[in-house]
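**Student:**
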Amino acid sequence: MKFTTRLTMALLPTTLGLLTLGVSVGQAADYPAPGDFQRGAKTWSENCARCHNIRGPRELRDDQWISTIFHMRVRAGLTGQESRDVLTFLQASNTTPASIGAAPATQSDGASVSGQAIFRQTCVACHGIDGKGVLPGVPDFTLGDGPLSKQDAILIKHITEGFQSPGAPMAMPPKGGNPDLNVDDIQAVLGYLRDTFGK
Amino acid sequence: MNTGIERFNAGPLALAIALALPMEASADAAYDALKSQVENLKKQLEQVQKTLKSYKKTSASKNDVAKLEKKVAEASEWKSPNTLIHMSGYADVGYSDSKDSSGSFNVGSFSPIFHFQYRDLVMLESELEFEVEADGGTNVALEYLTVDLFLNDYMTLVAGKFLSPIGQFRQNLHPSWINKLPSAPPGFGHDGAAPVSDLGIQLRGGFPLGGMRTNYAFYISNGPELNASTEDAVDFELEGIAAEGFGRDRDGSKVYGGRFGLLPFAGLEIGLSGATGKAAVTTLENISADTLSALSGEPTRDYDVYGFDFAWQHRAINLRGEFIESRIGSASGGTAPSSGANWSTWYAQAAYRFLPTKFEGVLRYTDFDSPHISEDRKQWVVGLNYLFASNVIAKFAYQFNDGADGSPADDDRWLLQLAYGF
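First to last, the protein sequences are chains A and B.
Under the numbering used here, the residue at position 198 of the first sequence is numbered 198, and the numbers go up by one with no gaps.
Under the numbering used here, the residue at position 263 of the second sequence is numbered 1263, and the numbers go up by one with no gaps.
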C-alpha cells in the first residue's frame, strides 16, 4: 500500500547509492547460452511493439540487454529459447556499422543460395514476407517511390553497409546482420526484391 | 772540454737521437689513434647511456609488468561477472488544466527499476515510485519487489510483491513511456475495478501450442482488503477494494488467480484472467477510533474478479482493449455489514503512427462503473504524441469526461506530459 512521507536526508543517499550501482556493471557475460540470430530478429519484430514502442539494439550495451531481456521474459511470457534468441539478435546488432560486417562483401564464384532463400532467412523478420514491412517505419518495397526506386549501386551500398530509413526503429545492420553474405548473395537478394516487389 | 768519453758517448747518442726521432713520430700516431678510439668509445658510451636512459623511461620493469597483469586480471573479473546489476525505469513530468481547477505543473512519477541478476538462474526485480504531492510532500511506494527463479525454459517462479496479472494494463502498460496517453483509463488506478498488485507467489512463462504461442501467470496471494463507510454507524456500504499488495492476510483466506494469453498469429494477443478468494473490511472511512478497533472481527466476503483483454499490432496501427470486473459479496455480521458491490471498467484504444513523421495519434474510450455514482465515468481521450525517440515521448491529450454533475469525474481537462523510459 502506498504511504506518504517526506523524504529524509537518510533516504536520499541510499537512493543515490542505488542509482550509482546501476552504472557499475560489466561488459559481457558467458551466459545465457547463445541463441539464434534470425529467430531472435523475428521474435523481436513480432512481439515487442505489441505493448511498447520498439527499442533499437543500440540503445543498450550487451550486459544491459541481458537483464532487460530476462525482465521481459518474465513480463511477456517468453520462453527461455525465445529470450536467448532475442538477446543474441540484440547483442549482435548493437555495435556501430563501422565495427561489424560493414567491411566490403567478399568476392565469390556465385551466390551461395537463391535470393529468395536469403530474403526468407535474413530479411523477412523486419521486411515481412510481402515486402511491406513488419514494424512501423520499415519501408514498403511494393511502393513505386519506395526503396526499389533507387539504383542498384545505392541499394547494394545500403545492404552492404547498413542503413536507417526515416521513422524506422533501428538501422538495418550491414548485410541484414548476416556477415556471411558475399557480393553475389547481395546481388541475388536484390534481384529477388526487384522481381518480386518491384513495379 | 772534449774528452774521449765525451767523444765516445756523442756518437751513440747522436745515433740514438737519429733513430728515436722516427720512433717518436710513430708513437704520436699511435697515441692519436688511441685517443681517437677512446673518443669514439666515449661517444658510443654516451650514446648507450642515453639510449639506456630513454629505454628506462619507455620500457616496463618487472614490477610494472606485474602491476599490469594484476589490472588485466581485475578487468577480466568485470568482463564476465556472475552477478549483473542493472537499473532502468521511467519518469514523467507534465501540466494539466481543467474548467473547474487552475492549471498546474506536476511531476507524475519517478520510478527507478532495479535488477540484480545471478547468471541465468535468478533475478531480483524491484520498482520504486516517487511522486510529488500537491502540498510539496513526496509519496514513496514499493510498486513491486520479486525474486524470479528461472526453473526451466517454460516456467519462472515469481515470489514477493508483484503487479497484478489480471488484465494487461497494470502489469504491462502502466509505465508512462509505454502508456500512449498521459492518464490511466478510469478504473485501472488505485481503488478501481482492476487490482494493482498482490503479495504471494506466481508461476509465469510461455510455451508453443501448435503453430501458436501462449503465455500464462498463475498465483496465490494474500489478496485485497476492503474499505467501508457509514454516516450513522448503523448502515454501512462498501467504498472500495484496496488491492495493492498487503503484507498481511486479515481475512485468513488466500486468493487464487491468473491469466492465460493466446497469440494465434504474429501481432495479436488475446487474454483471459480471473481470481477468486475472500476479503474483509479493514478500514472504515470517517469513523471514530472506537469503532475502528472493533473491525478485527469482520466476517470474510466473497471476492471474485475476471477480465478479458486483447492487443493487436500491425505496422503503424496499434489496437487494444480490456474489460475487468471485481465483485464483493455481502456480509450480515461484524461491525460493517452491508450488501455486496461490483466495480467494472472497460476501454478500447487505437493508436496510429503518421510515418515517416514522429507523430502518433491516439483515441481511447473508457466506461467505469462503481457502486457510487459520484465515481462513475465515461471518458473519451484524444491525444497527439511526438516521439523524440522510442522512449522519449511528448503527449498532448484532451479528456472529455462524463460523470456526476459537478464532480471531478465530470470535469474535462487538458493533459500535457513528457515521459522518458530509461
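Cβ atoms here follow ideal geometry from the backbone N, Cα and C, with glycine treated the same way.
I'd like to confirm the pairing. Which residues does DSSP put opposite M72 of chain A in its beta bridges?
**Tutor:** What you label residue 72 of chain A is simply residue 72 of the first sequence in a count that begins at 1. According to DSSP, which records beta bridges pairwise, M72 of chain A is partnered with nothing at all.
**Student:** Cβ atoms of G128 of chain A and F89 of chain A: under 8 Å apart, would you say?
**Tutor:** The count along the first sequence starts at 1 and reaches residue 89 of chain A at position 89. The count along the first sequence starts at 1 and reaches residue 128 of chain A at position 128. Cβ atoms of F89 of chain A and G128 of chain A: not closer than 8 Å.
**Student:** Express the C-alpha separation of V1234 of chain B and G1403 of chain B in angstroms, rounding to a whole number.
**Tutor:** For the purposes of this step, residue 1403 of chain B is taken as the residue at position 403 of the second sequence. For the purposes of this step, residue 1234 of chain B is taken as the residue at position 234 of the second sequence. So the alpha carbons of these two residues sit roughly 29 Å apart.
**Student:** What are the boundary residues of the beta strand (DSSP E) that includes D1148 of chain B?
**Tutor:** Start at 1 with the first residue of the second sequence, and residue 1148 of chain B comes out as number 148. 1138 to 1152 is the span of the beta strand (DSSP E), which, as asked, contains D1148 of chain B.
**Student:** Which residues in chain B have a C-beta closer than 7 Å to the C-beta of A37 of chain A? List them in chain order.
**Tutor:** Indexing the first sequence from 1 puts residue 37 of chain A at position 37. A small fix is needed here, since residue 37 of chain A is Phe in this sequence, not Ala. Those do not exist, as F37 of chain A stays about 18 Å from chain B at its closest Cβ, beyond 7 Å.
**Student:** Measuring alpha carbon to alpha carbon, tell me which of B:F1354, B:D1191, B:L1181, B:F1169 ends up nearest D1376 of chain B.
**Tutor:** The residue you call residue 1376 of chain B lines up with position 376 of the second sequence. Taking only the C-alpha atoms, the option nearest D1376 of chain B is B:D1191.
**Student:** Tell me which residue opens and which closes the alpha helix (DSSP H) that T196 of chain A is part of.
**Tutor:** Along the first sequence, one-based indexing puts residue 196 of chain A at 196. It spans 183 to 197 - the alpha helix (DSSP H) in which T196 of chain A sits, taken as one unbroken run.
**Student:** Kindly indicate which three-state DSSP category R6 of chain A falls into: helix, strand or coil?
**Tutor:** In the first sequence, residue 6 of chain A corresponds to position 6, counting from 1. Residue confidence for R6 of chain A is low, a pLDDT of 47 falling below 50, so the modelled location carries little weight; the figure read from the coordinates is stated next. R6 of chain A: coil per DSSP, three-state reduction.
**Student:** Using beta-carbon positions only, say whether G77 of chain A and G1206 of chain B come within less than 8 Å of one another.
**Tutor:** Here the question's residue 77 of chain A lines up with position 77 in the first sequence. Here the question's residue 1206 of chain B lines up with position 206 in the second sequence. For G77 of chain A and G1206 of chain B, yes; Cβs fall inside 8 Å.
**Student:** Please work out which residues of its chain come closer than 7 Å, Cβ to Cβ, to M1155 of chain B, disregarding the five sequence neighbours upstream and downstream, and give them in chain order.
**Tutor:** Here residue 1155 of chain B corresponds to residue number 155 of the second sequence, with the count starting at 1. Correct list, in chain order: L1203, G1205.
**Student:** Secondary structure at E46 of chain A, three-state DSSP: helix, strand or coil?
**Tutor:** Mapped onto the first sequence, residue 46 of chain A falls at position 46. Three-state result, E46 of chain A: helix.
**Student:** Note down, in chain order, all residues in the stretch 155 to 170 of chain A with a beta-carbon under 8 Å from any beta-carbon belonging to chain B.
**Tutor:** S165, P166, G167, P169
**Student:** Could you name the residues of the stretch 62 to 83 of chain A whose beta carbon sits closer than 8 Å to any beta carbon of chain B, in the order they occur along the chain?
**Tutor:** Per Cβ criterion, the list reads D63, Q64, I66, S67, T68, F70, H71, R73, V74, R75, A76, G77, L78, T79, G80, Q81, E82.
**Student:** Out of B:Q1313, B:G1321, B:P1299, state which residue places its alpha-carbon closest to the alpha-carbon of G1307 of chain B.
**Tutor:** To locate residue 1307 of chain B, count along the second sequence from 1; it is residue 307. Among B:Q1313, B:G1321, B:P1299, the Cα nearest to that of G1307 of chain B is on B:G1321.
**Student:** Give the secondary structure of G1421 of chain B by DSSP, where H, G and I count as helix, E and B as strand, and everything else as coil.
**Tutor:** Residue mapping note: residue 1421 of chain B aligns to position 421 of the second sequence, counting from 1. Three-state DSSP puts G1421 of chain B in a strand.
**Student:** Which residues in the same chain as D1304 of chain B place their Cβ atom closer than 6 Å to its Cβ, once the five residues preceding and following it in sequence are excluded?
**Tutor:** Stepping through the second sequence from its first residue, residue 1304 of chain B is reached at position 304. Once the five neighbours on either side are set aside, the close Cβ partners of D1304 of chain B are T1276, R1327.
**Student:** Secondary structure at R1315 of chain B, three-state DSSP: helix, strand or coil?
**Tutor:** Start at 1 with the first residue of the second sequence, and residue 1315 of chain B comes out as number 315. In the structure shown, R1315 of chain B sits in coil (DSSP, three-state: anything other than H, G, I, E or B).
**Student:** Could you tell me whether the Cβ of D130 of chain A comes closer than 8 Å to any Cβ of chain B?
**Tutor:** For the purposes of this step, residue 130 of chain A is identified with residue 130 of the first sequence, where counting begins at 1. No, D130 of chain A does not count as interfacial toward chain B.
**Student:** Would you mind telling me which residues of chain B sit closer than 8 Å to G56 of chain A, beta carbon to beta carbon, in chain order?
**Tutor:** Working through the first sequence from its first residue, we reach residue 56 of chain A at position 56. Result: S1390.
**Student:** Could you check the C-alpha separation between L1084 of chain B and Y1144 of chain B for me, to the nearest Å?
**Tutor:** As a working mapping, residue 1084 of chain B is identified with position 84 in the second sequence. As a working mapping, residue 1144 of chain B is identified with position 144 in the second sequence. Cα to Cα, the separation comes out at about 19 Å.
**Student:** Mind checking the stretch 1117 to 1128 of chain B against chain C and listing, in chain order, the residues whose C-beta falls within less than 7 Å of any C-beta there?
**Tutor:** The chain labelled as chain C is not found among the protein chains of the depicted structure, namely A and B.
**Student:** Looking only at C-alpha atoms, which of B:P1299, B:Y1216, B:N1342, B:E1244 sits nearest to L1262 of chain B?
**Tutor:** Position 262 of the second sequence, counting from 1, holds the residue named residue 1262 of chain B. Among B:P1299, B:Y1216, B:N1342, B:E1244, the Cα nearest to that of L1262 of chain B is on B:Y1216.
**Student:** Report yes or no: do three or more beta-carbon pairs, one from the stretch 137 to 154 of chain A and one from the stretch 178 to 195 of chain A, lie closer than 8 Å?
**Tutor:** yes
**Student:** Could you check how far apart the C-beta atoms of D1148 of chain B and G80 of chain A are, in whole angstroms? I think they sit under 8 Å.
**Tutor:** Residue mapping note: residue 1148 of chain B aligns to position 148 of the second sequence, counting from 1. Residue mapping note: residue 80 of chain A aligns to position 80 of the first sequence, counting from 1. About 12 Å; that fails the 8 Å criterion.
**Student:** Could you tell me the distance, in whole angstroms, from the CA atom of A117 of chain A to the CA atom of L155 of chain A?
**Tutor:** What you label residue 117 of chain A is simply residue 117 of the first sequence in a count that begins at 1. What you label residue 155 of chain A is simply residue 155 of the first sequence in a count that begins at 1. In this structure, the straight-line span from the alpha carbon of A117 of chain A to that of L155 of chain A is close to 19 Å.
**Student:** Please give me, in chain order, every unbroken run of the beta strand (DSSP E) with length at least 3 that falls completely inside the stretch 1067 to 1111 of chain B.
**Tutor:** 1083 to 1098
**Student:** Please say whether S1390 of chain B and I54 of chain A have beta carbons closer to each other than 8 Å?
**Tutor:** Here residue 54 of chain A is taken as the residue at index 54 of the first sequence, counted from 1. Here residue 1390 of chain B is taken as the residue at index 390 of the second sequence, counted from 1. Yes; because the gap between Cβ atoms is below 8 Å, this pair is in contact.
**Student:** Report the option in B:G1340, B:P1186, B:F1354 whose CA atom is closest to the CA atom of R1364 of chain B.
**Tutor:** Within the second sequence, numbered from 1, the residue matching residue 1364 of chain B stands at position 364. Answer by Cα proximity: B:P1186.
**Student:** So the beta strand (DSSP E) F89 of chain A belongs to, where does it begin and stop?
**Tutor:** By 1-based counting over the first sequence, the position of residue 89 of chain A is 89. That residue, F89 of chain A, is in no beta strand (DSSP E); its alpha helix (DSSP H) goes 80 to 93.
**Student:** Apply the 10 Å Cβ neighbour rule to G26 of chain A and answer buried if 16 or more other Cβ atoms are within range, or exposed otherwise.
**Tutor:** In the first sequence, the residue the question calls residue 26 of chain A occupies position 26. Because G26 of chain A carries a pLDDT of 43, less than 50, the predicted location of this residue cannot be relied on, and no value is offered for it.
**Student:** Assuming Q38 of chain A contacts W65 of chain A under a Cβ cut-off of 8 Å, what Cβ separation, rounded to an integer in Å, is found between them?
**Tutor:** Looking up residue 38 of chain A in the first sequence gives position 38. Looking up residue 65 of chain A in the first sequence gives position 65. Not quite, the Cβ-Cβ distance comes to about 17 Å (not below 8 Å), so this is no contact.
**Student:** Alpha carbon to alpha carbon, how far is K1067 of chain B from E1039 of chain B? Give it in angstroms, no decimals.
**Tutor:** Translated into the one-based positions of the second sequence, residue 1039 of chain B becomes position 39. Translated into the one-based positions of the second sequence, residue 1067 of chain B becomes position 67. Put simply, the backbone Cα of E1039 of chain B is about 42 Å away from that of K1067 of chain B.
**Student:** Can you name the start and end residues of the alpha helix (DSSP H) that L1121 of chain B belongs to?
**Tutor:** What you label residue 1121 of chain B is simply residue 121 of the second sequence in a count that begins at 1. Element bounds for L1121 of chain B: n/a, residue is neither H nor E.
**Student:** Using CA coordinates, which residue listed in B:P1208, B:Q1168, B:S1080 is at the minimum distance from P1195 of chain B?
**Tutor:** Taking the first residue of the second sequence as 1, we reach residue 1195 of chain B at position 195. Nearest of B:P1208, B:Q1168, B:S1080 to P1195 of chain B, Cα basis: B:Q1168.
**Student:** Tell me, please, which residues DSSP counts as bridged to A1389 of chain B.
**Tutor:** As a first step, residue 1389 of chain B is located in the second sequence; it is residue number 389 there, counting from the start. Beta-bridge pairing links A1389 of chain B to B:V1392.
**Student:** Quick one: Cα of S1229 of chain B to Cα of E1237 of chain B, how far?
**Tutor:** Locating residue 1229 of chain B in the second sequence gives position 229, where the first residue counts as 1. Locating residue 1237 of chain B in the second sequence gives position 237, where the first residue counts as 1. Taking the straight line joining both Cα atoms gives about 6 Å.
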